[in-house]
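Numbering (this note's numbering), first residue to last: 64 to 579.
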């Protein structure tokens, strides 16, 4: 039946009944409308305002695409038949990922519901609240960018652009923000190395901002630069820098290509130059003040400053590899940076990186050794000791109380206590060799270690300390395990009784210390 032979009022009623009647399932209604009256609807909508029928919030994606003359009808066809069409497999996989991220069941019904919700159209007469219309698009865009589906990304961007052009009155541009399930589409695409998607988003996705110098544009650049910097991806850096060049005249766009010196392997550690770079960059993260991505106020730096941090990290990496750094730093600055990296490596890094820094004549401090010991890093601690780091005899203050109400404040070697609480036999053997025997045997050191081990149920540590000749103190001096520990932990009480040869009853009721 030709559209010209159908009165417009009848056509409106057909559309309204097909969409709003509750007796039919949505999928049947969609097929009914699209199969029987597709051409009639397309032609009739061109000459009448069907979109003002009040159906905007309820017309699903397929019918909305017909009513609004979408620029890319193939996209609407793709996601409306995602379960049946082999050509739409990428869209289906994208929706599956969204279901998994949201903790939804990944069945056909759920996927269809999610797919319908993603592109549920908004009432075009609503001039005030249009943000929900784009939320699903952001999620779908980020999911497609994460999975590397360029064709889906293009379709979603076109759909967002089309929806933006249908807003009445003043056309506020839409900025591609973070999706609630996958994060920033720029960041996830850069992290996964999807260069074609990053390039497309840079050339098209940001056209929704007010101008090329907008804050959101810079945020997107930083997302890409940070991910490229974190992985030392020179091609991704090149892609971001090309987009930055028109905005910042001070940023040059060098032809990076592969950095040969960062691809070679260091025989002594088995790491490549890229491995070293990635570790150095990651060490900047825990301390925001030292992070090239943030300024002193904790705010993200501008892209040019961030890129300078990339070049600086590359320079230090090449210096550690034994070559000439490409961006030569002043000697004082270089020494300061290397010492900072050693400090962070002892807190969060690996022994291989510490070995490499020490091999480049970076002098360790006693605090570096203490940080490594507190982490239980035996190999790292041995390296630091071999390069001149010494252990402080007494560092923090431990407080313990006796059963007669007196309180003792004593400073003990924290690594000894830490190694006991970690049940780290290798660390204890190392400490036994560097802590003076006289200090190790002091009651406030070994006695407190035994007390804490017993109270925490660490039988292996209790056994080791007793074999080393550490005596079991009574409760009067405060160094003996608390009576409440024995009452609550019968197994530890029996273990101590066997280890010390004392009757259980005597341990339960002991008051005076046998050794103080």
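The C-beta atom is built at its ideal place from N, Cα and C for all residues, glycine as well.
Using only the alpha-carbon positions, how far apart do residue i and residue j sit?
{"i": "residue 251", "j": "residue 292", "result": "14 Å"}
{"i": "residue 218", "j": "residue 444", "result": "55 Å"}
{"i": "residue 339", "j": "residue 486", "result": "31 Å"}
{"i": "residue 561", "j": "residue 520", "result": "15 Å"}
{"i": "residue 404", "j": "residue 557", "result": "48 Å"}
{"i": "residue 559", "j": "residue 493", "result": "26 Å"}
{"i": "residue 256", "j": "residue 398", "result": "34 Å"}
{"i": "residue 512", "j": "residue 265", "result": "59 Å"}
{"i": "residue 580", "j": "residue 377", "result": "For the chain, the structure presents residues 64 to 579; residue 580 sits outside this window and is missing."}
{"i": "residue 294", "j": "residue 516", "result": "43 Å"}
{"i": "residue 385", "j": "residue 424", "result": "12 Å"}
{"i": "residue 414", "j": "residue 267", "result": "45 Å"}
{"i": "residue 288", "j": "residue 263", "result": "16 Å"}
{"i": "residue 497", "j": "residue 416", "result": "24 Å"}
{"i": "residue 301", "j": "residue 344", "result": "18 Å"}
{"i": "residue 450", "j": "residue 203", "result": "54 Å"}
{"i": "residue 221", "j": "residue 396", "result": "49 Å"}
{"i": "residue 370", "j": "residue 555", "result": "58 Å"}
{"i": "residue 333", "j": "residue 454", "result": "30 Å"}
Identify, in the order they occur along the chain, each residue of the same chain with its Cβ nearer than 6 Å to the Cβ of residue i, setting aside the five sequence neighbours on each side.
{"i": "residue 490", "result": "439, 441 and 482"}
{"i": "residue 299", "result": "253 and 291"}
{"i": "residue 522", "result": "558"}
{"i": "residue 286", "result": "247, 249 and 250"}
{"i": "residue 437", "result": "481"}
Classify residue i as buried or exposed, calling it buried when 16 or more other Cβ atoms lie within 10 Å of its own Cβ.
{"i": "residue 581", "result": "Residue 581 is absent from the structure shown; the chain starts at 64 and stops at 579."}
{"i": "residue 530", "result": "exposed"}
{"i": "residue 372", "result": "buried"}
{"i": "residue 525", "result": "buried"}
{"i": "residue 434", "result": "buried"}
{"i": "residue 336", "result": "buried"}
{"i": "residue 259", "result": "exposed"}
{"i": "residue 368", "result": "exposed"}
{"i": "residue 380", "result": "buried"}
For residue i, which residues in the same chain have their Cβ closer than 7 Å to its Cβ, ignoring the five residues on either side in sequence?
{"i": "residue 452", "result": "427, 428, 429, 431 and 432"}
{"i": "residue 211", "result": "255, 257 and 260"}
{"i": "residue 208", "result": "216, 248, 251, 252, 257 and 260"}
{"i": "residue 484", "result": "515 and 519"}
{"i": "residue 303", "result": "284, 287, 288 and 291"}
{"i": "residue 306", "result": "265 and 284"}
Output needed for residue i: all residues of its chain with C-beta closer than 8 Å, excluding positions within five of it in sequence on either side, in chain order.
{"i": "residue 420", "result": "383, 401, 404, 405 and 408"}
{"i": "residue 527", "result": "488 and 491"}
{"i": "residue 341", "result": "293, 294 and 295"}
{"i": "residue 447", "result": "409, 417, 421, 427, 431, 432 and 435"}
Does chain B have any CB closer than 9 Å to the CB of residue i?
{"i": "residue 444", "result": "The chain labelled as chain B is not found in the depicted structure, where only one protein chain is given."}
Runs of alpha helix (DSSP H) wholly within the region 400–431 (minimum 4 residues, chain order) = You should have 414–422.
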